[in-house]
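Peer 1:
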Amino acid sequence: MVTDIEDSLKRDLALCAKGQHNYFNGVVVVAAPLVRGFVRRYFELDACEDIVQEVFLQIFRSAKKYDPRLSAKSWILGISHHVIIDEIRRRSRRPTNAGDDITHVPAISNGTTEIEDLIIRLPREHFDVIYATKIVGLSYEETAAALSIPLGTVKSRIFMARRELSEMIYASDAPQQSQERDLA
Numbered sequence: 270m271v272t273d274i275e276d277s278l279k280r281d282l283a284l285c286a287k288g289q290h291n292y293f294n295g296v297v298v299v300a301a302p303l304v305r306g307f308v309r310r311y312f313e314l315d316a317c318e319d320i321v322q323e324v325f326l327q328i329f330r331s332a333k334k335y336d337p338r339l340s341a342k343s344w345i346l347g348i349s350h351h352v353i354i355d356e357i358r359r360r361s362r363r364p365t366n367a368g369d370d371i372t373h374v375p376a377i378s379n380g381t382t383e384i385e386d387l388i389i390r391l392p393r394e395h396f397d398v399i400y401a402t403k404i405v406g407l408s409y410e411e412t413a414a415a416l417s418i419p420l421g422t423v424k425s426r427i428f429m430a431r432r433e434l435s436e437m438i439y440a441s442d443a444p445q446q447s448q449e450r451d452l453a
């Protein structure tokens, strides 16, 4: 019997909250790809793993606060978002080195598709909502809770992100279309 990711996370988080910490490994195994993909949008690969570890440390520390009536993926993404914001603020307060570029935009996965390449190019606030809804699979309401933004903001950012993606797709097809017209 295949267990849904959400059900698996809820079960393991609930058991961790009751003091059965050996179930935390299940949380890490199931949620790591979601967390890593989100964190990698903001940081270079070398910093990414440290931040992912910090996310899971915060999840472990906060397991007793998890409400099983809520989406586990949304809760985990919310913690990830807060850790990312804290890290960006921390880095902005210290002198920067050339190697501390957090504006670098890495790929979501090793074998990215064209659409993933385009999603990565979205502004961060648009990337966040697209990642949460389309990659992680959260509802608009869960995304709003995870990112601590109003539901209307989620909807407008998704609308704007879709429009930007459409424009990027059209722009990438435009040179090819003009070459085809030249050949005719």
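Going by this note's numbering, the first residue of the sequence shown is number 270, and it counts up by one from there.
For glycine and all other residues, C-beta sits at the position ideal for the given N, C-alpha and C.
Looking at C-beta atoms only, is the number of pairs between the region 409 to 417 and the region 319 to 337 that lie closer than 8 Å three or more?
Peer 2: The region 409 to 417, when compared against the region 319 to 337, does not touch it at the 8 Å Cβ threshold.
Peer 1: What span of residues does the alpha helix (DSSP H) with N294 cover, start to end?
Peer 2: Per DSSP, N294 belongs to the alpha helix (DSSP H) from F293 to V308.
Peer 1: Do you know offhand how far E313's Cα is from D319's?
Peer 2: Computed Cα separation, rounded: 11 Å.
Peer 1: Between I399 and L391, is the Cβ-Cβ spacing less than 8 Å?
Peer 2: Yes. Within cutoff.
Peer 1: Could you give the DSSP three-state label for S417: helix, strand or coil?
Peer 2: In the structure shown, S417 sits in coil (DSSP, three-state: anything other than H, G, I, E or B).
Peer 1: Buried or exposed: where does A301 fall if 16 or more other Cβ atoms within 10 Å of its Cβ makes it buried?
Peer 2: With fewer than 16 Cβ atoms within 10 Å of its Cβ, A301 is classed as exposed.
Peer 1: Tell me which same chain residues have a C-beta within less than 7 Å of the C-beta of I348, skipping the five on either side of it?
Peer 2: Around I348: V324, Q327, I328 and S331.
Peer 1: Taking the CB atoms as reference points, tell me whether V405 and L339 lie closer together than 8 Å.
Peer 2: No.
Peer 1: Going by DSSP in three states, R431 sits in which element: helix, strand or coil?
Peer 2: Looking at R431 - three-state DSSP - the assignment turns out to be helix.
Peer 1: Do D273 and G295 have their C-beta atoms within less than 8 Å of each other?
Peer 2: Their beta carbons are not under 8 Å apart, which means D273 does not touch G295 by this criterion.
Peer 1: Using a 10 Å radius around the Cβ and a threshold of 16 neighbouring Cβ atoms, would you call Y439 buried or exposed?
Peer 2: Per the 10 Å Cβ criterion, exposed.
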